[in-house]
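Asker: For the sequence shown, position 404 (counting from the first letter as 1) is numbered 403 according to numbering that gives the first Met the number 0, and the numbering increases by one without interruption.
Positions of the beta carbon are idealized from the N, C-alpha and C atoms, including for glycine.
Submitted below is the structure of interest, expressed as structure tokens.
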Amino acid sequence: MEHLIHVLQTDRSDSEIIGYALDTLYNVISNDLEEEEQDDSEEENSPKQVDDLGSQFTEIFIKQQENVTLLLTLVEEFDFHVRWPGVKLLTSLLKQQGPQVQQIILVSPMGVSRLMDLLADSREVIRNDGVLLLQQLTKSNAAIQKIVAFENAFERLLDIITEEGNSDGGIVVEDCLLLLQNLLKNNNSNQNFFKEGSYIQRMKPWFEVGDDNCGWSAQKVTNLHLMLQLVRVLVSPTNPPGATSSCQKAMFHCGLLQQLCTILMATGVPADILFETINTVSEVIRGCQMNQDYFASVNAPSNPPRPAIVVLLMSMVNERQPFVLRCAVLYCFQCFLYKNQKGQGEIVSTLLPSTIDATGNSVSAGQLLCGGLFSTDSLSNWCAAVALAHALQENATLKEQLLRVQLATSIGNPPVSLLQQCTNILSQGDKIDRRGSKVQTRVGLLMLLCTWLSNCSIAVTHFLHNPANVPFLTGQIAENLGEEEQLVQGLCALLLGISIYYNDNSLENYRKEKLKQLIEKRIGRENFIEKLGFISKHELYSRAAQKPQPSFSIPDHMMFDHEFTKLVKELEGVISKAIYKSSEEDKKEEEVKKTLEQHDNIVTHYKKVIREQDQELEELKQRVNTLTSQNEQLQATVTQQVSQIQQHKDQYNLLKVQLGKDTQHHNSHSDTFQMNGIQVEEVSKLRDELEEWKNKHEVLQGQLREKDSVIEKLKSSQLEIGTTEQSSETSKSGSLEHNNELQKELEMLRTQVQLQAAEISRLQMENQKLQTAGAEPVVADSGAVAVNSSELEGRLQQEIKELKSEVKALSEEKESLKQHLDSSSSTVAILQDEKSKLQQEVAESKKEQDDLLVLLADQDQKLSALKIKLKDLGVPVEDEDDIESGDQGDEDEDGDEEEQD
0 MEHLIHVLQT DRSDSEIIGY ALDTLYNVIS NDLEEEEQDD SEEENSPKQV DDLGSQFTEI
60 FIKQQENVTL LLTLVEEFDF HVRWPGVKLL TSLLKQQGPQ VQQIILVSPM GVSRLMDLLA
120 DSREVIRNDG VLLLQQLTKS NAAIQKIVAF ENAFERLLDI ITEEGNSDGG IVVEDCLLLL
180 QNLLKNNNSN QNFFKEGSYI QRMKPWFEVG DDNCGWSAQK VTNLHLMLQL VRVLVSPTNP
240 PGATSSCQKA MFHCGLLQQL CTILMATGVP ADILFETINT VSEVIRGCQM NQDYFASVNA
300 PSNPPRPAIV VLLMSMVNER QPFVLRCAVL YCFQCFLYKN QKGQGEIVST LLPSTIDATG
360 NSVSAGQLLC GGLFSTDSLS NWCAAVALAH ALQENATLKE QLLRVQLATS IGNPPVSLLQ
420 QCTNILSQGD KIDRRGSKVQ TRVGLLMLLC TWLSNCSIAV THFLHNPANV PFLTGQIAEN
480 LGEEEQLVQG LCALLLGISI YYNDNSLENY RKEKLKQLIE KRIGRENFIE KLGFISKHEL
540 YSRAAQKPQP SFSIPDHMMF DHEFTKLVKE LEGVISKAIY KSSEEDKKEE EVKKTLEQHD
600 NIVTHYKKVI REQDQELEEL KQRVNTLTSQ NEQLQATVTQ QVSQIQQHKD QYNLLKVQLG
660 KDTQHHNSHS DTFQMNGIQV EEVSKLRDEL EEWKNKHEVL QGQLREKDSV IEKLKSSQLE
720 IGTTEQSSET SKSGSLEHNN ELQKELEMLR TQVQLQAAEI SRLQMENQKL QTAGAEPVVA
780 DSGAVAVNSS ELEGRLQQEI KELKSEVKAL SEEKESLKQH LDSSSSTVAI LQDEKSKLQQ
840 EVAESKKEQD DLLVLLADQD QKLSALKIKL KDLGVPVEDE DDIESGDQGD EDEDGDEEEQ
900 D
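Rendered as structure tokens:
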């Protein structure tokens, strides 16, 4: 071995010899070959010797930790002849000395990460052996399991399972599922990582089973079995309640629970898969109200449809069904009722007189449980009793309601209560011929009665009201019976102890003190406590207390229920104390109980007050919320209005500024006008100017009148001249020219007069304004601002109208230009099309011309050749042809010369 290790250390470059060395070490350490040879031999001690030999060689190899580190380095090599034997050797080392090799790999740098790369190898042989290696590496080592999980193992393994065909895949799928179980089982961190990574959703396609379920291969059954076990690992009752609950909800939301229920109700599913599916559904719905409600709504595909719970209960109380199936159905029913008061009420309601189906067309769950409870099969009795006890678990209301159930035993006899019928069967004991265990029926009924009477004083009173019950219990406890009956004695002692502890002393003959005296006289306190201790000392009790699922190898071992073991632990101590208490202590205890009851009443009253106050508080909170929302709305409205007011103020200030600018502009053109007031001197100056203008106007008016008189004279003189025949042409033309000049002068004067009149009217208006201003020398700023602002608004509106009209005109002009442009573009497009067509035609015509020229050239060559032949043959050729050919020759020569030039 030293030489082989030396080869591994020194000959790293030679992959062939490294591979041989690794194979040799594998054959030395591994037990596979020896086990195959041992299958044919008859020696019994050889396998143990082989195991010891392989372990010894492994110890020698791993004694030096560097050897394992060297092996990890070789596994990183990509060469197939090195990597594959290295993986096999490391797997064999882990099989022989798992914990020691795990520790070495854990402390080596990147040891686990190197091995994770094997899952990504494209060569399936190495990848598959890498899965086997990781299986051995992750066994019972939480630290390595976490590292492997955080190295993206879940993603890679689920991808491999999908690539291989899910449940239809081969043994590779099985190996991947075993590795996933190693990573998830009892590892809360990895379970949480699996759920947070949404890997639960990727499990749903595993359980998509078709309608044709016949002919399943053994490998498919194994794969599906492991897949169901993987689901159970995530929702196991031993996991933390919070983690289990979140996984259960995720399975419902992604449709995994629905898929499992489909398999549950499908036909042709192999028995092993059906049993495991029932157990898986049980744990997926256990304690999860949402999943339990869904399961209650599932119907079996029968005609008419029946609830799945009823169909399963029919299998449980049917003695012909396999024992494993009946256990699975019982577990499913227990999980359905676990912390499910709604489901418990639905089951008990099927037994109550008001809800029983009078027609008898459909069988209810309650009727099936009663039928199983009173059948001649002891296993059915036990299963039905335990199932009914779970319907009453921690539910005092249903315990009281179940007292109303009446059973018709035979025709003509009055009906008997369910409690009475249970005690009747219990008292008959072995008188009824039953199939199965002798004590199983009585144990089941006693567990039911203990669960029913615990924490329910009314049920205790009903039980004690039957005078035969207490003597029967004391008689059973006092007898010295065999080992089988000791269990029944212990349960009878427990039932009698419950009757004492939860007794409200309403029956005079069966008060607590009298029952204690009865025990003291007929049994003895020590004997009673000893018989009571038989329950917890029993082997089957310890087995049932370990986990909720009933797992029994044979039907005779079905004696205790997991939930009942909790009840025994709770009551065993308090009953022992209650038996030894004196009457004075009982009285004190009763006083304490009364005080506690009063205290509880006070607490209940205050709780009620607090609830009412909470309701009022909630209403007030709602009112506060509504008022707050209204206040926010009003605040928003106020803010909006404030902003609008601010906008108006800004507009007002802007107008004021603009108005100030206008007044300044007016002041620049008017020397006398001021905004704050008008001086009296300026008014007098303006009046003087006005008088001067009036005088000028009168002078001009006089001149105008003179000119008019002159014109009239000229007209009259013109008329006189026109009547005389002796006037000459020269005088006429001279008078006409003079008349025209006068007319022009007259027009000029008129226009001047009109301008002066307009100026005078303007000055008069200003005078009026000045006079009003003189009467009121000081004008308020606000009034002036208002007048000027109104004028400014008028101007602005006028300008806006003008701008709008201009914009409208421009838009119309734009539209016309756009239309013109569109028509131009369409014209251009048409012209371009015509141009392209013409270009095509020109190209075609050119091509045709070229073809014709080629044809003509060919014909000319042929003609010349024919002429030459004719001349050679002595046939005369016409001169015109010769001349034409000569001319053509000359033309050709000229063309050649031109080309040369």
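For the alpha helix (DSSP H) containing Asp477, list its first residue and its last residue.
Answerer: Residue mapping note: residue 477 aligns to position 478 of the sequence shown, counting from 1. The displayed chain sequence assigns Ala, not Asp, to residue 477. Element bounds for Ala477: Asn468 to Ala477.
Asker: Exposed or buried, which one is Glu345 when buried takes at least 16 other CB atoms within 10 Å?
Answerer: Looking up residue 345 in the sequence shown gives position 346. Result: buried.
Asker: Looking at Val234 and Cys253, is the spacing between their C-beta atoms short of 9 Å?
Answerer: Locating residue 253 in the sequence shown gives position 254, where the first residue counts as 1. Locating residue 234 in the sequence shown gives position 235, where the first residue counts as 1. Not a contact, by the Cβ cut-off of 9 Å.
Asker: Look at the alpha carbon of Thr826 and the alpha carbon of Leu754, and state the distance between them as a whole number of angstroms.
Answerer: The count along the sequence shown starts at 1 and reaches residue 826 at position 827. The count along the sequence shown starts at 1 and reaches residue 754 at position 755. Cα to Cα, the separation comes out at about 57 Å.
Asker: Give me the DSSP bridge partner(s) of Val567.
Answerer: The count along the sequence shown starts at 1 and reaches residue 567 at position 568. Note: Val567 sits in no beta bridge, so no partner.
Asker: What residue does the alpha helix (DSSP H) around Leu350 start on, and which one ends it?
Answerer: Position 351 of the sequence shown, counted from the start, is the residue given in the question as residue 350. Secondary structure note for Leu350: it is in no alpha helix (DSSP H), with a DSSP letter that is neither H nor E.
Asker: Any contact of the segment 509-524 with the segment 389-401, i.e. 3+ C-beta pairs under 8 Å?
Answerer: no
Asker: Identify whether Asn185 lies in helix, strand or coil by the three-state DSSP scheme.
Answerer: As a working mapping, residue 185 is identified with position 186 in the sequence shown. Correct three-state label for Asn185: coil.
Asker: Within a Cβ cutoff of 8 Å, which residues of the same chain sit near Gln144, ignoring the five residues on either side of it in sequence?
Answerer: Counting from one through the sequence shown, the residue named residue 144 turns up at place 145. Beyond the five residues adjoining it in sequence on each side, Gln144 comes within less than 8 Å, by CB distance, of Thr137, Asn181, Leu182, Asn186 and Asn189 in the same chain, given in chain order.
Asker: What does a CB cutoff of less than 6 Å around Phe60 pick up in its chain, not counting 5 residues either side in sequence?
Answerer: Residue 60 sits at position 61 when you count from the first residue of the sequence shown. So the list reads Asn66, once near-sequence residues are dropped.
Asker: Based on Cα-Cα distance, which residue from Lys845, Lys341 and Ala544 lies nearest to Ala295?
Answerer: The residue labelled residue 295 in the question sits at position 296 within the sequence shown. Out of Lys845, Lys341 and Ala544, Lys341 has the C-alpha closest to the C-alpha of Ala295.
Asker: Phe251 to Ala544, Cα distance in whole Å?
Answerer: Walking along the sequence shown from the start, residue 251 turns up at place 252. Walking along the sequence shown from the start, residue 544 turns up at place 545. Their backbone Cα atoms lie some 29 Å apart in a straight line.
Asker: How many angstroms separate the CA atom of Ile104 from the CA atom of Thr276?
Answerer: On the sequence shown, position 105 is the one that residue 104 refers to. On the sequence shown, position 277 is the one that residue 276 refers to. Computed Cα separation, rounded: 38 Å.
Asker: Check the C-beta distance from Val220 over to Ile272 and give it rounded, since I have them as a contact under 8 Å.
Answerer: By one-based count along the sequence shown, residue 220 stands at place 221. By one-based count along the sequence shown, residue 272 stands at place 273. Right, their Cβ atoms sit about 6 Å apart.
Asker: Would you identify the three-state DSSP class for Leu480, choosing helix, strand or coil?
Answerer: Locating residue 480 in the sequence shown gives position 481, counting from the first residue. The answer is coil: DSSP assigns Leu480 none of H, G, I, E or B.
Asker: Apart from the five residues just before and just after Leu494, which ones in its own chain have a Cβ nearer than 8 Å to its Cβ?
Answerer: Walking along the sequence shown from the start, residue 494 turns up at place 495. Within the same chain, Leu494 has close Cβ partners Leu445, Leu448, Cys449, Leu452 and Leu472.
Asker: Give every residue of the same chain whose Cβ lies closer than 8 Å to the Cβ of Leu177, excluding the five residues on either side of it in the sequence, and list them in chain order.
Answerer: In the sequence shown, the residue the question calls residue 177 occupies position 178. Once the five neighbours on either side are set aside, the close Cβ partners of Leu177 are Gln134 and Leu225.
Asker: Quick one: what does DSSP say Pro98 is sitting in, helix, strand or coil?
Answerer: Mapped onto the sequence shown, residue 98 falls at position 99. In this structure, Pro98 counts as helix in the three-state DSSP scheme.
Asker: Assign Leu823 to one of two classes, buried (16 or more other C-beta atoms within 10 Å of its C-beta) or exposed (fewer than that).
Answerer: For the purposes of this step, residue 823 is taken as residue 824 along the sequence shown, with counting starting at 1. Rather than Leu, the amino acid found at residue 823 in this sequence is Ser. That one is exposed.
Asker: Out of Asn600, Ile799, Ile528 and Gln95, which one is the CA nearest neighbour of Pro572?
Answerer: In the sequence shown, counting from the first residue as 1, residue 572 sits at position 573. Sequence check: residue 572 is Gly here, not Pro. Comparing Cα-Cα distances from Gly572 to each of Asn600, Ile799, Ile528 and Gln95, the minimum goes to Ile528.
Asker: Measuring CA to CA, which of Leu227, Ile497, Asp376 and Phe563 is closest to Lys203?
Answerer: For the purposes of this step, residue 203 is taken as residue 204 along the sequence shown, with counting starting at 1. When only C-alpha atoms are compared, the closest one is Leu227.
Asker: Whole angstroms is fine: what's the gap from Ile499's alpha carbon to Lys565's?
Answerer: Working through the sequence shown from its first residue, we reach residue 499 at position 500. Working through the sequence shown from its first residue, we reach residue 565 at position 566. If you draw a straight line from the Cα of Ile499 to the Cα of Lys565, it comes to about 20 Å.
Asker: Measure the C-alpha to C-alpha separation of Ala635 and Gln657 and round it to an integer number of angstroms.
Answerer: On the sequence shown, position 636 is the one that residue 635 refers to. On the sequence shown, position 658 is the one that residue 657 refers to. Using only the alpha carbons, I get a separation of about 33 Å.
Asker: For Thr723 and Leu703, I'd like the C-alpha separation in whole angstroms.
Answerer: In the sequence shown, the residue the question calls residue 723 occupies position 724. In the sequence shown, the residue the question calls residue 703 occupies position 704. In this prediction, Thr723 scores a pLDDT of 44, lower than 50, which makes its location untrustworthy; the coordinate-derived value is nonetheless stated afterwards. Those two C-alpha atoms are separated by around 31 Å.
Asker: Count the other C-beta atoms from every protein chain shown that fall within 10 angstroms of the C-beta of Ala388, then say buried if there are 16 or more, exposed otherwise.
Answerer: On the sequence shown, position 389 is the one that residue 388 refers to. Under this definition Ala388 is a buried residue.
Asker: Whole angstroms are fine: how far does the CA of Ile199 sit from the CA of Ala242?
Answerer: Numbered from 1 along the sequence shown, position 243 holds the residue referred to as residue 242. Numbered from 1 along the sequence shown, position 200 holds the residue referred to as residue 199. Those two C-alpha atoms are separated by around 13 Å.
Asker: Can you list, in chain order, the residues of its chain whose CB lies under 6 Å from that of Val487, leaving out five sequence neighbours each side?
Answerer: Start at 1 with the first residue of the sequence shown, and residue 487 comes out as number 488. Cβ within range, chain order: Val438 and Arg441.
Asker: Three-state secondary structure (DSSP) at Arg434?
Answerer: Translated into the one-based positions of the sequence shown, residue 434 becomes position 435. DSSP places Arg434 in strand when its eight states are reduced to three.
Asker: Under a three-way DSSP split, which group does Pro306 fall into?
Answerer: Position 307 of the sequence shown, counted from the first residue, corresponds to residue 306. Pro306: strand per DSSP, three-state reduction.
Asker: What whole-angstrom Cβ distance do Gly443 and Ala384 have, given they're in contact under 8 Å?
Answerer: The residue labelled residue 443 in the question sits at position 444 within the sequence shown. The residue labelled residue 384 in the question sits at position 385 within the sequence shown. That belief holds up - the Cβ atoms of Gly443 and Ala384 are roughly 4 Å apart, short of 8 Å.
Asker: Note down the Cα distance separating Ser14 from Ala119, rounded to an integer number of angstroms.
Answerer: Your numbering for residue 14 matches position 15 in the sequence shown. Your numbering for residue 119 matches position 120 in the sequence shown. Distance between the alpha carbons of Ser14 and Ala119: 22 Å.
Asker: Could you pull out every unbroken alpha helix (DSSP H) segment of at least 4 residues lying fully inside the segment 520-584, listed in chain order?
Answerer: 524-536, 538-543 and 561-579
Asker: For Asp376, which three-state DSSP category applies?
Answerer: Here residue 376 is taken as the residue at index 377 of the sequence shown, counted from 1. It is a strand residue.
Asker: Give me the Cα-Cα distance between Ala407 and Arg325, rounded to the nearest whole angstrom.
Answerer: Here the question's residue 407 lines up with position 408 in the sequence shown. Here the question's residue 325 lines up with position 326 in the sequence shown. In a straight line, the C-alpha of Ala407 is about 27 Å away from that of Arg325.
Asker: If you compare alpha carbons, which of Ser314, Val310, Asn298 and Gly214 is closest to Gly267?
Answerer: Indexing the sequence shown from 1 puts residue 267 at position 268. Gly214 is the residue among Ser314, Val310, Asn298 and Gly214 whose C-alpha sits nearest the C-alpha of Gly267.
Asker: Would Thr90 and Asp116 be called neighbours here (beta carbons separated by less than 9 Å)?
Answerer: By 1-based counting over the sequence shown, the position of residue 90 is 91. By 1-based counting over the sequence shown, the position of residue 116 is 117. Their beta carbons are not under 9 Å apart, which means Thr90 does not touch Asp116 by this criterion.
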